[in-house]
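Enquirer: Quick one: the structure is below, and I'll ask about it shortly.
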Ligand code: AR6
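Residue numbers (my numbering): 13 to 182.
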């Protein structure tokens, strides 16, 4: 990888010791399946209590909480778009998720942040297009800002890992 500020890992994002992990949440912010369920399970019930006070989150936006029982100090909850075929501004909304999450990391002076593939599970966003958006938005943001110092993309399986690996090696 060319930039030391961008890394790729394969595995479970809930185990990472970083300043923030990003959650692929839904607009209620009250938990769900996929990585959201895994994060709430690992963080413990105090996370849900804090989330109840946030009054949800719009698609493309992000909100931050503490990390509770996670090794990660914070959780940045972002709501990705449901994929409807690409005609409902899904790419722009996904780009907005990365921008909003990175902005929160910057505002909170977080040095390390880890992203799962937002929208690429239950929400059905094509993984290759989602990865292009994730990498482009991240590179653009870090080229203009000193925080976060490091961004880690976390692939959950071999297919996702290969998609990011090829993009980051370009
Ligand atoms: N670590 C890293 N990545 C993971 C993990 C994990 N532990 N678990 C799943 N992934 P998804 P979405 C990957 O479905 O598509 C929830 O119910 C997974 O392989 O978690 O944004 C929410 O409440 C995929 O690549 O999120 C929403 O209702 C990526 O994480 C809805 O799902 C995202 O998959 C959000 O759907």
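Virtual Cβ for every residue (Gly too), placed ideally from N, Cα, C. Only a predicted model underlies this, so the values are computations on that prediction, with no experimental measurement involved.
#1: Below 7 Å, is the gap between the Cβ of residue 160 and the nearest heavy atom of the ligand AR6?
#2: Leaving out five residues before and five after residue 28 in sequence, what residues of the same chain have Cβ atoms less than 8 Å from its Cβ?
#3: Can you give the beta carbon distance from residue 114 to residue 150, rounded, assuming they're within the 8 Å contact cut?
#4: Residues in the same chain with beta-carbon distance under 7 Å from residue 14, minus the five sequence neighbours each way, listed in chain order, please.
#5: Classify residue 61 as buried or exposed, calling it buried when 16 or more other Cβ atoms lie within 10 Å of its own Cβ.
#6: Just reading off the alpha helix (DSSP H) that residue 152 is part of, what are its end residues?
#7: Can you round the beta-carbon distance between residue 41 and residue 86 to whole angstroms, since I take them to be within the 8 Å contact cut?
#8: Around the Cβ of residue 155, are there at least 16 other Cβ atoms within 10 angstroms (buried) or fewer (exposed)?
#9: Indicate whether the contact test is met: 3 or more Cβ pairs, each with one atom in the segment 41–50 and one in the segment 93–100, closer than 8 Å.
#10: Going by DSSP in three states, residue 16 sits in which element: helix, strand or coil?
Expert: On the basis of the data shown:
#1: The beta carbon of residue 160 sits no closer than 7 Å to any heavy atom of the ligand AR6.
#2: Closer than 8 Å at Cβ, skipping near neighbours: 21, 83, 84, 126, 164, 166.
#3: 7 Å
#4: Note that residue 14 scores 48 on pLDDT, short of 50, meaning its location in the model is unreliable and no value can be drawn from it.
#5: exposed
#6: 139–156
#7: Not confirmed; about 14 Å, so no contact.
#8: The residue is exposed, with fewer than 16 neighbouring Cβ atoms inside 10 Å.
#9: No contact exists between the segment 41–50 and the segment 93–100.
#10: Residue 16 falls in the coil class under three-state DSSP.
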